[in-house]
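Q: A single structure is presented below for examination.
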Amino acid sequence: MVAAVTHGAVNVQPCRSCKAPIFWAETARGAWIPIDEKPVVDGNLGITLVQDGRITRAHARALRQNDLFDSTADRYVSHFATCPDAPQWRREQAINQKDGQ
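Numbering (numbering that gives the first Met the number 0), first residue to last: 0 to 100.
This is the structure we're talking about:
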């Protein structure tokens, strides 16, 4: 079953650095990305919820300008784009990858 994101349908938690409310969504490539909880008019991500037994998973899809996407559906943005501490996370990830962690 696929549904639109509704409040309470996903596990919202605070960002570990800036404390903004976020939820996690899986991309088509299987990566997990943080998503800002509140939809925005100019968001570039479409989110669908997929019910898998007792677990609801959020899936993120990048929206292109000419995409056929329900114009009444909410649009979201990755928290990587809005977190004031995002550069710090990128540095830590690069260091961990260099060190083989």
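Cβ coordinates follow ideal geometry from the N, Cα and C atoms, glycine included. All of these numbers come straight from a predicted model, not from anything done at the bench.
Only counting the same chain, and skipping five residues up and downstream in sequence, which positions put a Cβ closer than 8 Å to that of N10?
A: Counting from one through the sequence shown, the residue named residue 10 turns up at place 11. The residues are F22, W23.
Q: How about L44 and A61: do their beta carbons lie closer than 9 Å?
A: What you label residue 44 is simply residue 45 of the sequence shown in a count that begins at 1. What you label residue 61 is simply residue 62 of the sequence shown in a count that begins at 1. Going by C-beta atoms, L44 is nearer than 9 Å to A61.
Q: Taking the alpha-carbon positions, what's the E25 to P83 distance?
A: Indexing the sequence shown from 1 puts residue 25 at position 26. Indexing the sequence shown from 1 puts residue 83 at position 84. About 22 Å.
Q: Look up D51 in the DSSP assignment and give the residues it is bridged to.
A: Position 52 of the sequence shown, counting from 1, holds the residue named residue 51. Paired residue(s): I54.
Q: For W88, list the residues DSSP reports as bridge partners.
A: Counted from its first residue, the sequence shown places residue 88 at position 89. W88 is not bridged to any residue.
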